[in-house]
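The numbers in our numbering rise by one with no breaks, and the one at position 22 of the sequence shown is 656. Reading through the structure tokens given below for one structure.
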Amino acid sequence: MIIHRDPIKTSFEQWARPGHFLRTIVKGPDTTAWIWNLHADAHDFDSHTSDLEEISRKVFSAHFGQLSIIFLWLSGMYFHGARFSNYEAWLSDPTHIGPSAQVVWPIVGQETLIGDVGGGFQGIQITSSFL
Numbered sequence: 635m636i637i638h639r640d641p642i643k644t645s646f647e648q649w650a651r652p653g654h655f656l657r658t659i660v661k662g663p664d665t666t667a668w669i670w671n672l673h674a675d676a677h678d679f680d681s682h683t684s685d686l687e688e689i690s691r692k693v694f695s696a697h698f699g700q701l702s703i704i705f706l707w708l709s710g711m712y713f714h715g716a717r718f719s720n721y722e723a724w725l726s727d728p729t730h731i732g733p734s735a736q737v738v739w740p741i742v743g744q745e746t747l748i749g750d751v752g753g754g755f756q757g758i759q760i761t762s763s764f765l
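Put into structure tokens, the structure is as follows:
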């Protein structure tokens, strides 16, 4: 029995060349096609296998993975919009208090966005779909 220590010849010099493993991206990051092919090859399920059931499984798992990220992002927006708004104060006195969804922290000059919306609340005033 013969055991090969390095059955696939690789080296750090080879790894340093971008795209050494695939002919379509071997030109390197000088072309836009390199970036597109780098990201597209992971989702080219037909080139991975010819089993239709496995391809369908991969497509649906990628689809639901993306949906979970989108819903996580939307739930974060919904939570922070509800948490940092003055909705209850605006409902109690909508003529004197303007609606605001969030407060902007004065980090890099963003405090110019903050306005007094009434009721002792300062934030970005909502100018559409409420008034």
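Virtual Cβ for every residue (Gly too), placed ideally from N, Cα, C.
Query	Result
Flag this pair as touching only if the stretch 712–722 and the stretch 740–747 have three or more C-beta atom pairs under 8 Å; answer yes or no.	no
Write down the C-beta distance between Ile748 and Ile758 rounded to the nearest angstrom, noting that I regard them as a contact closer than 8 Å.	7 Å
Measuring only the C-alpha atoms, how far is Ala696 from Asp678?	12 Å
Roughly how many whole angstroms lie between the Cα atoms of Ile768 and Thr683?	Residue 768 lies beyond the residue range present for the chain, which begins at 635 and ends at 765; the question has no answer from this structure.
Are the CB atoms of Val751 and Pro733 within a distance shorter than 9 Å?	yes
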